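Protein sequences, first through last, are from chains A and B. Numbering follows the working numbering, with no gaps: position 408 of the first sequence is 408. Numbering follows the working numbering, with no gaps: position 152 of the second sequence is 679. To start, the structure under review is shown below, and the notes come after it.
There are 2 protein chains.
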Amino acid sequence: MTAAPKNAYEKLKERFEKIINMENALGILSKDAELFMPKNSNGDRTRQMVALAEVAHALIKAPEVEQWLDEAEKNKNALSAEDRRNLHLMRREWVNRTALSEELVAEIARVELEGRDIHVALRKTGDWAKIKDWYAHAFDIKRAVGLAKKDKLGVASVYEALLDDFSPDLSESSVAQNFEMLEKMLPTLIGEAAKRKKSLPDPIPLTGPFPSEQQAELCRRLVTALGFDFAKGRLDLVDGGASCGGSSGDVRFTTNCSNEASFIKAVYSAIHEGGHALYEQNTPEKWRYQLAGKAMGMALHESQSRIMQVQACQTKEFFQFLEKLAREVFNRPDDPALSAENLERLVNKAEPSLIRIAADEVTYPAHIILRCKLEKALIEGTLAIDDLPKAWNDGMTKLLGITPTDAAQGCMQDVHWPTGAIGYFPAYTLGDMGAAQFFAAACKDKPEIKSEIANGNFTPLREWLRDNVHSKGSLLTTDELFTAATGEPLNAKYYLDHLSERYLGKPRADNTLLKKPDGPVKNPTAR
Amino acid sequence: MTAAPKNAYEKLKERFEKIINMENALGILSKDAELFMPKNSNGDRTRQMVALAEVAHALIKAPEVEQWLDEAEKNKNALSAEDRRNLHLMRREWVNRTALSEELVAEIARVELEGRDIHVALRKTGDWAKIKDWYAHAFDIKRAVGLAKKDKLGVASVYEALLDDFSPDLSESSVAQNFEMLEKMLPTLIGEAAKRKKSLPDPIPLTGPFPSEQQAELCRRLVTALGFDFAKGRLDLVDGGASCGGSSGDVRFTTNCSNEASFIKAVYSAIHEGGHALYEQNTPEKWRYQLAGKAMGMALHESQSRIMQVQACQTKEFFQFLEKLAREVFNRPDDPALSAENLERLVNKAEPSLIRIAADEVTYPAHIILRCKLEKALIEGTLAIDDLPKAWNDGMTKLLGITPTDAAQGCMQDVHWPTGAIGYFPAYTLGDMGAAQFFAAACKDKPEIKSEIANGNFTPLREWLRDNVHSKGSLLTTDELFTAATGEPLNAKYYLDHLSERYLGKPRADNTLLKKPDGPVKNPTAR
């Protein structure tokens, strides 16, 4: 029996499946390097990973791929809608891989690697004079990247081309429109929330030790309740930052249980990464090894971590479940600090602070909005590097009412810019917006979601997410996905509603200060 | 500054480095699959590994490689001796990868995979009638492989082409000559050793439990003493068989400590795999990512595991060290079973048995010699599959004086033939021969080797092995390596001397029964 000759699209599918399998292998090798690799084996591992990345890159850049793309696009009317979407994603990936010169690709890699070392070396002392040329270089390189990609991707601006790298399918104008709405409302909300917080009794502080092993057990029981399938993934402990990686059929995520004085961070890191992990585990089986089956970009991914962390697991109902589990696992039936009410007060903070990664959910978006405005201005050349520290401090004062006293607490705190991750920040707040919008829609569709969480039953929420988000992979555009799942494109109003309810204790409709603007954002993610 | 254009040999080096890095990645992925992978993630992993193997294969088969080989060989006089050897190994690898049709390659893979399942399903009941057609098929396929490779590799026979796959550089005639010598002497030696064993007092049996964790600690301390560098490798515990893999810069080996009734198997598996691991860790840095820097084939590798396991760690001196460690780790200062003399009696057995993997070092070669003769005859067609069980049983009776009562205890016991691993068995005994020869030479060069082992100091032995074997990688032929290290090519007499000394308690020279044949084997590994 001889198989029929493959057409161009079938050849592309075969090629991309190979590439995705190689990227999945890289995901496992990378996690092994983090968790299991002996300390002096980095040389071997780096070579392996570079070899795999180079070979995967060559498999896309090979001349036959462009021919197949051209031919498949000519005949795309014969394809199903899903296959057409898959073909579109192949073309986009090809453009992303071929738009840049080899020199620029090499320089991006260098900025990423060396930038991390430079950041680590200079951040603590906040030595801006020493680092600013490196910042300028990183922005120059990324401006060149955006310029090279803009027309080929058919996006509206250089900055949008950079956004696209992390969160495809999101237009700069929709981001700007939503962020403007937030920027208008946030300062009032932050002020009101901080005031209200002060009027409430202080929480009882936790008294450790909470042994690491018991924290790990608590984390495992929580993510099992969320629905993580341990037969197709692992949760490991790390001393550093938590993360999620591996491959969709073998998801590896981590948390850090080393601080025995408190289990809060361990638990919320596990839930956050568990949200990422659930998304990966539930991408569509049928498209598992094609681009259409992959999770969408960073913004969607962040919406799935934050919907678990913030929307589901900072509710009154969740704290009832957490109280029960924590009392059991730590064997503290009478510790008053472990009451649901006290845990809620410990976790749900609303207090301006200078450092993004320590910020609570009310003040976090202000950090992001500031960074987004500044990086856009730096890319567009309307802000000079020399003026960054002042612009940063002015922005913090305006948005959060507090002012850094040095660059370590200010514009040098994040690793993103010195490593060239410009256009990444918006994903965090877009993720929070998406999480609020999805959660509102899910609770409308399944009113039992919150009350079931009190019993540790996440099934209604998980099934809603699986059906409306996870199982869509990349088969829909961001717009299509939000509209199908929630009735409208991404819209910041749900996030404002949520913050008002949780931190001011009333629906936004009852709160004159936070009432405007309303109405749908016009066609916000289309381009 | 523009680099000079690369010549053909430099291009080959670049290509093979990429392929070796991909194979190293496969080594890590394979170990991760064994040790850390969730139980239902096999689908993802298999796809990753198949993709990497296919891509690596394509990188060798690409037409430019043959052109580069031709061109580099034309100009090989400009290369150093080491580079010429490296080029020779590239050509051999290329021949091995390109000699077979895609259909044959696919059928080999199928025999390997399905053969394992068939073996597991039918071995226990010893249902020869059901499995014999599969055996015939496996031998047919491998005969076709040998035929396809014989002339291209320039070897003397079809069987030699199969040998070459596992232990390159060994001629069939040298193997036959050495095995003949063993075959002539072994039955007498086995009989004498068993007789002498019976005249000695029985060892005191171990009384467990020896907790798994303490066994693991003992294994770690032992392989640390051997010189394994834990900063560039790991020792993990498994429930199944021990093994060694990973990459040279990140060696992953395992042992099984699950039987708490005895620590003997755990310890000797760790030492055996530790010997493999030491070889990998000490291959030449300069050639690390080229074929010339890789460990030689299975026979040499086995010599390095067996020199540790059998030659170094079954000596009186080692048992002194083992007594000290075991008493400490298990906290049994007075257990009479842990005395050096008793441990030696427990470990150094010499008793004919039917199953190869349970055989001691005296009887083991008889198992191998039988298999080697039979597989050669099956490949050459001088033995029919239907006659295999009888030929097996006759051989066992002649060599070991015992006769299997069914095929489960006879010709169906091993996984090798049903999975197509034909030509593999000789490596075990060639390894034992090599180990004895290397150890004799090492002790002659450094007379302190044995006495230092009593103190747990393996440095003299390790340094001799590093200088004379490990650091040579594949830079020398087997002949050259043995001659440089020991003064002559591989010769079974050292193994016979060793067995006579250890199991008959006297040098072979004093033992009229075991005195002949003497003298060097003529040009035994050349071809």
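Glycine is no exception: its CB is placed at the ideal position from the N, C-alpha and C atoms. Fair warning: this is a prediction, and the values are worked out from it, not measured in the lab.
Buried versus exposed, by CB contacts within 10 Å (16 or more), residue i
i                         : result
glutamine 67 of chain A   : exposed
leucine 915 of chain B    : buried
arginine 779 of chain B   : buried
proline 336 of chain A    : exposed
glutamate 537 of chain B  : exposed
threonine 1005 of chain B : buried
aspartate 691 of chain B  : buried
isoleucine 355 of chain A : exposed
valine 329 of chain A     : buried
glutamate 448 of chain A  : exposed
serine 726 of chain B     : exposed
asparagine 77 of chain A  : exposed
Enclosing alpha helix (DSSP H) for residue i [first to last residue]
i                          : result
valine 145 of chain A      : 128-153
glycine 423 of chain A     : Where glycine 423 of chain A is concerned, there is no enclosing alpha helix (DSSP H), given that its DSSP letter is neither H nor E.
valine 702 of chain B      : 699-726
proline 916 of chain B     : 915-927
arginine 47 of chain A     : 42-61
arginine 371 of chain A    : 364-380
asparagine 1060 of chain B : Nothing can be reported for residue 1060 of chain B, as the shown portion of chain B is limited to 528 through 1054.
lysine 558 of chain B      : 535-562
alanine 981 of chain B     : 976-981
tyrosine 495 of chain A    : 493-499
leucine 163 of chain A     : 158-166
glutamate 1007 of chain B  : 1005-1013
Alpha-carbon to alpha-carbon, residue j and residue i
i                         : j                            : result
leucine 553 of chain B    : aspartate 44 of chain A      : 12 Å
arginine 91 of chain A    : alanine 292 of chain A       : 12 Å
leucine 374 of chain A    : valine 158 of chain A        : 14 Å
alanine 161 of chain A    : alanine 176 of chain A       : 15 Å
threonine 573 of chain B  : threonine 283 of chain A     : 19 Å
methionine 549 of chain B : alanine 589 of chain B       : 16 Å
leucine 35 of chain A     : arginine 234 of chain A      : 11 Å
glutamate 816 of chain B  : alanine 608 of chain B       : Reading off the sequence shown, one finds tyrosine at residue 816 of chain B, where the question assumed glutamate. Spanning the two alpha carbons is a distance of roughly 18 Å.
asparagine 551 of chain B : isoleucine 385 of chain A    : 44 Å
asparagine 13 of chain A  : valine 415 of chain A        : At residue 13 of chain A the sequence reads lysine, which differs from the asparagine that was named. Rounded to whole angstroms, lysine 13 of chain A to valine 415 of chain A spans 36 Å at the Cα level.
arginine 989 of chain B   : glutamine 808 of chain B     : 12 Å
leucine 1056 of chain B   : valine 155 of chain A        : Outside the displayed span of chain B (528 to 1054) sits residue 1056 of chain B, for which this structure offers no information.
isoleucine 422 of chain A : phenylalanine 139 of chain A : 8 Å
arginine 624 of chain B   : isoleucine 587 of chain B    : 7 Å
glutamate 112 of chain A  : glycine 420 of chain A       : 6 Å
glutamate 714 of chain B  : leucine 927 of chain B       : The sequence given here has proline at residue 714 of chain B, not glutamate. Each residue's alpha carbon lies about 6 Å from the other.
Limits of the unbroken beta strand (DSSP E) element including residue i
i                       : result
cysteine 536 of chain A : This structure does not reach residue 536 of chain A, given that chain A is present from 1 up to 527, and the question cannot be answered.
CB contact check: residue i to chain B, cutoff 8 Å
i                        : result
alanine 350 of chain A   : no
arginine 47 of chain A   : yes
methionine 22 of chain A : yes
isoleucine 60 of chain A : no
leucine 162 of chain A   : no
lysine 74 of chain A     : no
Residue i at chain A interface by Cβ criterion, 8 Å
i                            : result
arginine 859 of chain B      : no
tyrosine 816 of chain B      : yes
arginine 993 of chain B      : no
alanine 552 of chain B       : yes
alanine 580 of chain B       : no
proline 565 of chain B       : yes
leucine 762 of chain B       : no
phenylalanine 848 of chain B : no
alanine 758 of chain B       : yes
lysine 538 of chain B        : no
**Request:** Report the residue ranges of all beta strand (DSSP E) runs contained in full by the segment 746-790 of chain B; include only those spanning at least 3 residues, in chain order.
**Result:** 760-764, 771-774 and 777-782
**Message:** Just to confirm the assignment: which complete alpha helix (DSSP H) runs, minimum length 4, are found wholly within the segment 75-118 of chain A?
**Reply:** 81-98
**Message:** Quick check on the DSSP output: what are the complete beta strand (DSSP E) runs of length 3 or more inside the segment 291-345 of chain A, in order along the chain?
**Reply:** none
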